[in-house]
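Shown next, in structure tokens, is the structure this report addresses.
Residue numbers (the UniProt record's numbering): 1 to 169.
Structural data, given as structure tokens:
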């Protein structure tokens, strides 16, 4: 998929931000990201179509996102330009690539990040749905898949209220 120079550069900047979070300021190292916690799941408001995500023990927000029919646990990353998938999550969603297609897609704290750009036919979280969503598969070095702006632009409101992230349609 050719995104063209302006969009490709924007994607790289956003991904670099998402991968380049400093780890020495109280943030957990990537291998210390919170596993799924019992009861730490998205819920739907009974009054409207809001999706409510509780804050995990590591301070981040995670969601069970549907990539077509594959449920995928993702960290909500408002600083990432697009969805970034681990190799395991990409394969579970039926995405395949040739290692010859891998290229530098971002620059992280530890150097270049290699991956391959993809288009995700259908992504949903609660009642929020998007089609033909830009993403990148990062086969090595990404500890958890990221839900970035290529999906979040389909959300009307993203707010943090107390210890919950609220996504409104």
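C-beta atoms are modelled at their ideal positions from N, C-alpha and C, and glycine is treated no differently.
- Taking 8 Å as the cut-off, the Cβ atoms of residue 121 and residue 68 count as close.
- The alpha-carbon of residue 168 is positioned some 19 Å away from that of residue 83.
- Residue 93 sits in coil when the DSSP states are folded into three classes, being neither helix nor strand.
- Runs of alpha helix (DSSP H) with 4 or more residues, each lying fully within the UniProt domain "Peptidase A2" (72–151), are found at 87–92, listed in chain order.
- Looking at the backbone, the Cα of residue 51 and that of residue 126 are separated by about 6 Å.
- Remark: three or more beta-carbon pairs, one from each stretch, lie closer than 8 Å, so the segment 77–95 and the segment 127–141 are flagged as touching.
- In the structure shown, residue 169 falls within a coil segment according to DSSP collapsed to helix, strand and coil.
- Going by beta carbons, residue 92 and residue 70 fall inside the 8 Å limit.
- Here residue 89 is near residue 145, since their CB atoms are less than 8 Å apart.
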